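Trainee: Structure incoming, see below.
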Ligand SMILES: Cc1cc2nc3c(=O)[nH]c(=O)nc-3n(C[C@H](O)[C@H](O)[C@H](O)COP(=O)(O)O)c2cc1C
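In the UniProt record's numbering, the protein residues as written are 1 to 137.
Shown next as structure tokens:
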């Protein structure tokens with residue numbers, strides 16, 4: 001099993017029908033691919049953590065790379081995993097202001113999508129943020 005985290009710029013509005021379709025597709029397909037994970041939306045970016053079998057992640061990456069609903073995908077990190085962070089969630093979801101990576105980092109959100117401080121965070125920091133989301137319930 002592996003985990004993967006990436007950051008990308010959203011091209012669909014937060015409450016749009018196009019965004020809703022992402023969650024519907026993901027719930028169904030993640031179950032089929034054996035993936036679980038968490039999609040966080042903040043300040044015009046998606047911060048997405050996914051975990052599961054390497055083949056499932058590869059399949060999803062191919063789809064994500066050609067998905068017009070986001071752009072400039074930047075992989076933060078990928079690594080081996082002993083046990084899942086989100087065993088019960090095929091697609092959990094948060095967005096600001098309910099949860100904020102910038103606030104959690106203690107930096108200002110900055111201008112434009114995908115503020116620099118978020119993009120420059122280490123993968124350990126990003127994983128710790130997802131742990132905090134999980135622990136918050
Ligand atoms: C930010 C973002 C996150 C996504 N997350 C997932 C996901 O976790 N699982 C998934 O199956 N599809 C996800 N999708 C949708 C995929 O890109 C893709 O449209 C879907 O898996 C169908 O694949 P296909 O177009 O290759 O048939 C996401 C799309 C975006 C823009």
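Think of the CB as a built atom: it goes at the ideal place given N, C-alpha and C, for glycine as much as any other residue. This structure is a prediction, so every number in the text was calculated from the model and none was measured.
#1: In whole angstroms, what is the alpha-carbon distance linking residue 80 and residue 121?
#2: Should the stretch 42 to 50 be regarded as contacting the stretch 3 to 19, the criterion being three or more beta carbon pairs within less than 8 Å?
#3: Tell me the start and end of each unbroken alpha helix (DSSP H) in the UniProt domain "BLUF" (1 to 92) that is at least 4 residues and wholly inside, in chain order.
#4: If you measure from each CB to the nearest heavy atom of ligand 1 and keep those under 5 Å, what residues do you get, in chain order?
#5: Can you give the Cα-Cα distance for residue 97 and residue 56, rounded to whole angstroms?
#6: Over the uninterrupted alpha helix (DSSP H) stretch that includes residue 124, give me the two end residues.
#7: CA-CA distance, residue 70 and residue 82?
#8: Is it buried or exposed for residue 23, if we count other Cβ within 10 angstroms and need 16 for buried?
#9: If distances are taken between C-alpha atoms only, which option among 123, 107 and 94 comes closest to residue 14?
#10: Spatial neighbours of residue 38 within its chain, please: C-beta separation below 7 Å, excluding the five flanking residues on both sides.
#11: Whole angstroms is fine: what's the gap from residue 113's alpha carbon to residue 73's?
Mentor: By the coordinates alone:
#1: By one-based count along the chain shown, residue 80 stands at place 80. By one-based count along the chain shown, residue 121 stands at place 121. Answer to the nearest angstrom: the Cα atoms are 20 Å apart.
#2: Taking one beta carbon from each stretch, the stretch 42 to 50 and the stretch 3 to 19 have 3 or more pairs nearer than 8 Å; the two touch.
#3: 17 to 33 and 54 to 65
#4: Selection output, chain order preserved: 22, 25, 26, 29, 30, 46, 63, 64, 67, 69 and 70.
#5: On the chain shown, position 97 is the one that residue 97 refers to. On the chain shown, position 56 is the one that residue 56 refers to. Each residue's alpha carbon lies about 31 Å from the other.
#6: The residue labelled residue 124 in the question sits at position 124 within the chain shown. Its alpha helix (DSSP H) spans residues 123 to 135.
#7: Here residue 70 refers to the residue found at position 70 when the chain shown is read from its first residue. Here residue 82 refers to the residue found at position 82 when the chain shown is read from its first residue. Residue 70 and residue 82: Cα-Cα distance of roughly 30 Å.
#8: Counting from one through the chain shown, the residue named residue 23 turns up at place 23. It is exposed - the Cβ of residue 23 has fewer than 16 other Cβ atoms within 10 Å.
#9: Mapped onto the chain shown, residue 14 falls at position 14. It is 94.
#10: One-based indexing of the chain shown puts residue 38 at position 38. Result list for residue 38: 49, 86, 89, 92, 130 and 133, in chain order.
#11: What you label residue 113 is simply residue 113 of the chain shown in a count that begins at 1. What you label residue 73 is simply residue 73 of the chain shown in a count that begins at 1. Because the pLDDT of residue 113 is 48, which lies under 50, any placement of that residue in the model is unreliable, and the number read from its coordinates should be weighed accordingly. Going from the Cα of residue 113 to the Cα of residue 73 covers about 12 Å.
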